[in-house]
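See structure below.
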């Protein structure tokens, strides 16, 4: 999955988060934060106190955890998270 496709998938995730009525505020905020971190990794922006590889590993780990959590309760969101996980993995992130 190329960077542009990952960005489109992130946009789809944002849209799903807007429409998912059954998603509680805490989960919605956590996913939005994770999406922002993924965007920063794709743009090469990382926190100054974290190396790029540490930031990428941290985001990938949290993304996998979120994917597992949402697969059953919110299949569409879970599917988008899975696509992001696979895409980042294919990019070596």
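Residue numbers (this note's numbering): 25 to 117. A virtual CB, placed ideally from N, CA and C, is assigned to each residue, including glycine.
Reference residue i, options the options, closest by Cα
i	options	result
residue 66	102, 32, 40, 54	32
residue 50	114, 90, 99	90
residue 47	58, 64, 97, 84	97
residue 39	85, 100, 116	100
residue 34	44, 68, 117, 58	58
Residue burial classification, residue i (beta-carbon count within 10 angstroms, cutoff 16)
i	result
residue 61	buried
residue 107	buried
residue 111	buried
Residues near residue i in its chain [Cβ-Cβ closer than 7 Å; skip 5 each side]
i	result
residue 102	91, 94, 95
Residues near residue i in its chain [Cβ-Cβ closer than 6 Å; skip 5 each side]
i	result
residue 36	104
Helix, strand or coil at residue i [DSSP, three-state]
i	result
residue 91	helix
residue 114	helix
Cutoff 8 Å; reference residue i; Cβ partners in own chain excluding five residues on either side
i	result
residue 87	58, 62, 105, 108, 109, 112
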